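The numbering of the sequence shown is numbering that gives the first Met the number 0, which starts it at 0 and goes up by one. A virtual CB, placed ideally from N, CA and C, is assigned to each residue, including glycine. None of these values were measured; they are calculated from a predicted model.
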Amino acid sequence: MRWPVSRGACVRSGFCCKVATCAVGVAHGAPQRGCTFLGGSRPGEYSCELVTRRPELSEIMAIGSGCSSTLFNEDRDSVLQGFTKS
Ligand code: SF4
0 MRWPVSRGAC VRSGFCCKVA TCAVGVAHGA PQRGCTFLGG SRPGEYSCEL
50 VTRRPELSEI MAIGSGCSST LFNEDRDSVL QGFTKS
């Protein structure tokens with residue numbers, strides 16, 4: 000089976016941003032848990048609205064560096080399983 004993304008890539012599951020808000024999000028007023036900058040409504044479609052508004056922050060937030068939550072992440076697994084069905 001061939002995957003459309005590398006196994007460590009971010010697939011926009013939203014998991015990490017729901018579990019703990021990043022330091023940049025907290026510094027911009029989001030709560031420690033359940034970041035209010037998380038946009039989107041389902042795994043595979045989440046995005047950071049703070050980065051959308053302030054793209055210069057993406058580097059210090061390590062956007063594009065891959066997934067830090069590949070294990071026990073059911074939302075990520077469901078997105079990856081959807082790739083194999085399409
Ligand atoms: S600020 Fe953006 S990257 Fe950081 S936790 Fe919130 S949604 Fe995620």
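- Judged by DSSP in its simplified three-state form, Gly39 adopts coil rather than helix or strand.
- Counting along the chain, the unbroken alpha helix (DSSP H) around Gly24 starts and ends at 22-26.
- A direct Cα-Cα distance of roughly 10 angstroms separates Ser57 from Val23.
- Taking 9 angstroms as the cut-off, the beta carbon of Gly43 is found no closer than this to the beta carbon of Ser5.
- C-alpha of Ser77 to C-alpha of Cys16: approximately 17 angstroms in a straight line.
- In the structure shown, Ser67 adopts coil according to DSSP, grouped into three states.
- Those residues placing their Cβ nearer than 5 angstroms to any heavy atom of the ligand SF4 are, following chain order, Cys16, Thr20, Cys21, Gly24, Cys34, Phe36, Leu37, Cys47, Leu49.
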